[in-house]
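K.L.:
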Amino acid sequence: MIDEISEHNALFTAWRRDIHQHPELGFEEQRTAKLVADRLTEWGFDEVHTGIATTGVVGVLRGKTPSSRTIGLRADMDALAMTENNQFGHASLTPGKMHGCGHDGHTTMLLAAAWYLARHRDFSGTVHFIFQPAEEGLGGAKVMVDEGLFDRFPCDRIYGIHNMPGIPQGEFWLRDGALLASSDRFTIDIHGKGGHAAMPQHVIDPMLIVSAIISGAQSIVSRNTSPLDAAVLSFTDLHAGSGTFNVIPDNATMMGCIRSFNDTVREHAIQRLKQLVESTAAAYGATATLAFRPGSYPATVNDSHAAQLAADVARDVVGDAKVNTNCLPVSGSEDFSFMLQAIPGCYVFLGNGLEGETGGVSVHNPSYDFNDSIIPAGASYFVQLIKRELPAH
């Protein structure tokens, strides 16, 4: 842990709580982006670029000695569309918006690292500090990559952190390979023929088709996916009818998601669901369409070399006993995956606290809050990564 960072944690905590009070949704992070850009400029960054993927910011910091090597560090900035339950002094001032996933903390940890490295440029090469918008379901990382992020700001490797309630405070957990699952969100629209519920012979009942699709889809995981692989297929929403007891509706709409840790499994599950939906509807004389919605993310897969280096750095920061390099993958998803598809790198979890303790409330919960005590660990990790990746000559 870097003493100078730990000694200034009250300052960093104030930044984090200010961001928490003023949450902004994806592609709306105007205030947060300005706060980031203003501080990077104030600290004498060589370049500060704004307006990337609408509200993204990239700060360019060059070391004391030149080198062609470049490293990217990334944090996400957006909040969730939910109302906060907390009553503490830094609670959200905007009803219906809340930093319920800790992106305020992620932004602050990267800012703290930027603050330190701007004061101590004892590295060789260039660091790109990437402050990303719209991680929560809008794929801001993909938008940045599609807009040429790594053409404008090339990176040899890229690193990111996500806080994780349920992991002891200040511990780093990671693994080589898939850390987080892919997520593919779908909608199924079924078109039948409605009529009187007492005369089913005259209708094509979409409700019957719904039940057949839900039942049949479970075989995609249980019978079409190897027991050695993992996939989850969940139906999460169903709408049909108009609140009556005796009318069979014309149409029904279903929603859900598919998650996996392997691209081959992912593509096979998608194709099998498409076949199942169309053939089941046809068997009943109906039609059905399967559409995948924005917000589909690939699996977050760590590069072997980057994961090893990240683990070594984490051990330097918090000690060997507080680093788990073989944690189980998590079935949640992250759009940092798009950056890892373009550039090798590593994503790690940083413990926010255990259940029942400070920082132990789950993310996406209205009572969640980021644990400010872990800011020095995250910021020190970023700084030590740069010292390891870009050693001064």
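Counting from 1, one number per residue, gives the positions in the sequence shown under full-length UniProt numbering.
We put the beta carbon where it would ideally sit given N, CA and C, even for glycine.
1) Can you tell me the Cβ-Cβ gap for Q201 and N352, rounded? I've got them flagged as a contact below 8 angstroms.
2) Could you tell me if L80 is buried or exposed, where buried requires 16 or more neighbouring beta carbons within 10 angstroms of its beta carbon?
3) Determine, using beta-carbon pairs with one atom in the region 134–154 and one in the region 317–329, whether at least three such pairs fall under 8 angstroms.
4) Can you tell me whether R293 is buried or exposed? The criterion is at least 16 other CB atoms within 10 Å of its CB, across all chains shown.
5) Between which two residues does the alpha helix (DSSP H) containing Q271 stretch?
6) So S124 and A392 are supposed to be a Cβ contact under 8 angstroms. How far apart are they, rounded?
7) Leaving aside the five residues before and after S182 along the sequence, list all residues of the same chain whose C-beta is less than 7 angstroms from its C-beta, in chain order.
8) Roughly how many angstroms lie between the CA atoms of F336 and G160, to the nearest whole one?
9) Are the CB atoms of R74 and T126 nearer to each other than 8 angstroms?
10) Looking only at its own chain, which residues have a Cβ that is under 7 angstroms from the Cβ of residue 437, when we skip the five neighbours before and after it?
11) With T353 as the anchor, note down where its beta strand (DSSP E) starts and where it stops.
12) According to the neighbour-count rule (16 or more other Cβ atoms, all chains shown, within 10 Å of its Cβ), is P165 buried or exposed?
13) In the DSSP assignment, the beta strand (DSSP E) including Y154 goes from what residue to what residue?
14) Please return the same chain residues whose Cβ sits closer than 6 angstroms to the Cβ of L238, not counting the five positions on each side in sequence.
15) Check for me: the alpha helix (DSSP H) holding H49 runs from which residue to which?
16) Rounded to whole angstroms, what's the CA-CA distance from E389 to E29? Just pull it up for me.
17) CB-CB under 8 angstroms to H20, same chain, minus the five flanking residues each way: which ones, in chain order?
18) Using the Cβ count rule (16 or more neighbours within 10 Å means buried), how would you classify D320?
19) Per DSSP, I5 forms a beta bridge with which residues?
P.N.:
So, to answer that:
1) In fact, because the Cβ distance is near 58 angstroms, the residues do not count as touching under 8 angstroms.
2) buried
3) no
4) exposed
5) Counting along the chain, the unbroken alpha helix (DSSP H) around Q271 starts and ends at 263–283.
6) 5 angstroms
7) R259, S260, R266, Y297, P298, A299, S333
8) 8 angstroms
9) no
10) Nothing in the structure corresponds to residue 437, since the chain is present only between 1 and 393.
11) The displayed chain sequence assigns Gly, not Thr, to residue 353. Element bounds for G353: 345–353.
12) buried
13) The residue you asked about is not Tyr; residue 154 is Pro in the sequence shown. Element bounds for P154: n/a, residue is neither H nor E.
14) M254
15) It is not in any alpha helix (DSSP H) - H49 instead sits in the beta strand (DSSP E) that spans 47–52.
16) 30 angstroms
17) Cβ neighbours of H20 beyond the five flanking positions: H90, A91, S92, H99, D104, D369, F370.
18) exposed
19) DSSP lists no partner for I5.
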